[in-house]
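For reference, the structure discussed in these notes is given below.
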């Protein structure tokens, strides 16, 4: 590809843009260096934090959120503990026949030994 | 634009997701909206140009001289407008070839395209830019 020419041509009269016009435009545009860093505007982070706190997203909001999670976890533990206790109580009733069996066995052994 | 949107919509941030994810989502949506808006209006209107940009167009049409240094910024903005109408590949090749002043060989290495593809894309992009410039110029001269 031919490098852009720096020789300006005659002014166009037909109204159609020529290669020379476009190259002049591109040469002029190339002189402007687009090296501006992409970064938030000055004070943006401070404003964001301030607005966030005003809207309830600050420390108080986080504390409430944490307390809600703790309460939820505590409720889950209570339910589990209650369920376990209930099952344990029902299980004690079921284990009574085994206790009787052992008692009968003990009595029988003692009788045997006594004789 | 993304920073402004983040600031405007900060009240909608629930705090349930990390801020970085929320900002990323806004950035992605903003970019997608921009792409959609470019699809909707692939024409550059004279009203889209500033007075300085219109003056550059007129200067190109009436004078064979190089553009003055005080018109360079407007020239850059005009070129940016014209680039928005191109396909991404064409935009890239014009940016690398003319605005950054790289050679075809360098562009070939950067993009992985063949030299012929670089030249063809540059040619097509220039044709489109010339076409748009002609339309704008005819509108300016009216």
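Protein chains in written order, with my numbering: chain A, 725 to 839; chain B, 12 to 153. The C-beta atom is built at its ideal place from N, Cα and C for all residues, glycine as well.
Less than 8 Å between C-beta atoms, sequence neighbours within five positions excluded: which residues of the same chain meet that for residue i?
i	result
residue 808 of chain A	none
residue 20 of chain B	37
residue 61 of chain B	85 and 88
residue 57 of chain B	65, 147, 150 and 151
Locate the alpha helix (DSSP H) running through residue i, then write down its first and last residues.
i	result
residue 18 of chain B	13 to 19
residue 64 of chain B	62 to 73
residue 756 of chain A	Note, residue 756 of chain A: premise wrong, no alpha helix (DSSP H); not H, not E.
residue 86 of chain B	83 to 95
residue 104 of chain B	99 to 105
residue 115 of chain B	115 to 122
Among the residues of its own chain, which have a CB less than 6 Å from the CB of residue i, if the five just before and after it don't count?
i	result
residue 730 of chain A	Residue confidence for residue 730 of chain A is low, a pLDDT of 46 falling below 50, so the modelled location carries little weight; the figure read from the coordinates is stated next. Correct list: empty, nothing qualifies.
Taking residue i and residue j to be in contact with their CB atoms under 8 Å, please state how far apart those CB atoms are, rounded to whole angstroms.
i	j	result
residue 71 of chain B	residue 749 of chain A	6 Å
residue 24 of chain B	residue 764 of chain A	About 16 Å separates the two Cβ atoms, so there is no contact after all.
residue 115 of chain B	residue 100 of chain B	Not really, about 15 Å apart at Cβ, beyond 8 Å.
residue 18 of chain B	residue 772 of chain A	7 Å
residue 78 of chain B	residue 754 of chain A	With a Cβ gap of about 11 Å, residue 78 of chain B and residue 754 of chain A do not count as contacting.
Measuring from the CB of residue i, is there a heavy atom of the ligand GDP at a distance below 7 Å?
i	result
residue 755 of chain A	Ligands are entirely absent from the displayed structure, and the ligand GDP is therefore not among its contents.
**Request:** Give a yes or no on contact between the stretch 85 to 98 of chain B and the stretch 54 to 69 of chain B, applying the rule of three or more CB pairs nearer than 8 Å.
**Result:** yes
**Request:** Tell me, please, whether the stretch 132 to 140 of chain B touches the stretch 94 to 113 of chain B by the rule of three or more beta-carbon pairs shorter than 8 Å.
**Result:** yes
**Item:** Cβ contact (3+ pairs, closer than 8 Å) linking the stretch 31 to 41 of chain B and the stretch 116 to 134 of chain B
**Value:** no
**Message:** Check whether the stretch 21 to 33 of chain B and the stretch 99 to 110 of chain B are in contact - that is, three or more C-beta pairs closer than 8 Å.
**Reply:** no
**Request:** Report yes or no: do the stretch 77 to 84 of chain B and the stretch 110 to 121 of chain B share at least 3 C-beta pairs separated by less than 8 Å?
**Result:** no
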